[in-house]
Amino acid sequence: MRIAQPLAFTPDNIRAKLAQAPQPGEINPFPASILSASPRPAAVLVPILQKPDGWHLLYIRRTRVERDVHSGQVAFPGGSSEPADSSPRQTALREAGEEIGLPIYRTEVLGCLPRFRTISNYIVTPVVAHIPWPFEIRLSRGEVSRVFTIPLDWLAAPSNREVRRRVLVDGRTIPVVYFRPYDGEVVWGATARITLAFLQQAGLA
């Protein structure tokens, strides 16, 4: 099932819609008893790109690493903030350059979504950017095993996602967003929440 994207779906239109998002904001589905420590700052790049069949989001699959809670998961490029980073935007761009070789000088930052708290106790700023396509992908193999894209109209279709309940260590449950498998990959958890937030802010969901 394909959903026609709005005629106004352009980088400029997305920039305008992101400017309307509540800033600063934080989306945190977890009870205080689960995440009592101060969160660590991080940022991810939410890359939009245009292919002949329409607009896509770019994702990565993380390399499997022992004792890494996010090992092998689908994610957006990104990571922890470093002292030299002047802003979440710089963190997201730096990480995307390091992880997949994204040409930063050809990347147009459009704005940010509200921050998301993760089960691993990060406070993540999603930075939306229009990226060039194609570009020469250079994977940091210790961090990323694959790059792939998913059409926005597929992501926007309600039939391609569902909400499940996840049981926390204290017995309480929280809603977790899962997308159906696409190209052998499953977008879920914080990455799915960020994806859905972007779709909603863009007027696609």
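In this text, residue positions in the sequence shown follow the working numbering: the first is 44, and each later residue adds one.
A virtual CB, placed ideally from N, CA and C, is assigned to each residue, including glycine.
What separation, rounded to the nearest whole angstrom, lies between the Cα atoms of residue i and residue j?
i, j, result
"residue 127", "residue 140", "15 Å"
"residue 92", "residue 185", "25 Å"
"residue 121", "residue 207", "25 Å"
"residue 106", "residue 117", "10 Å"
"residue 150", "residue 109", "33 Å"
"residue 240", "residue 194", "16 Å"
"residue 81", "residue 96", "43 Å"
"residue 179", "residue 98", "19 Å"
"residue 238", "residue 176", "20 Å"
"residue 164", "residue 64", "23 Å"
"residue 52", "residue 242", "11 Å"
Does residue i come out as helix, strand or coil in the three-state DSSP assignment?
i, result
"residue 93", "strand"
"residue 153", "strand"
"residue 176", "coil"
"residue 205", "strand"
"residue 161", "coil"
"residue 142", "helix"
"residue 191", "strand"
"residue 52", "coil"
"residue 234", "helix"
Which same chain residues end up closer than 6 Å to residue i when comparing Cβ atoms and leaving out the 5 residues on each side of it in sequence?
i, result
"residue 223", "203"
"residue 132", "152, 170"
Please look up how many angstroms separate the CB atoms of residue i and residue j, rounded, as I've assumed it's under 8 Å.
i, j, result
"residue 236", "residue 220", "5 Å"
"residue 188", "residue 104", "5 Å"
"residue 154", "residue 58", "6 Å"
"residue 250", "residue 230", "This structure does not reach residue 250, given that the chain is present from 44 up to 248, and the question cannot be answered."
* Asked: Between the stretch 192-206 and the stretch 138-152, are three or more C-beta pairs nearer than 8 Å?
  -> With the cut-off at 8 Å, the stretch 192-206 and the stretch 138-152 do not touch.
* For the 8 Å Cβ check, are there 3 or more pairs between the stretch 169-181 and the stretch 85-105? -> Three or more Cβ pairs closer than 8 Å define a contact, and the stretch 169-181 meets that threshold against the stretch 85-105.
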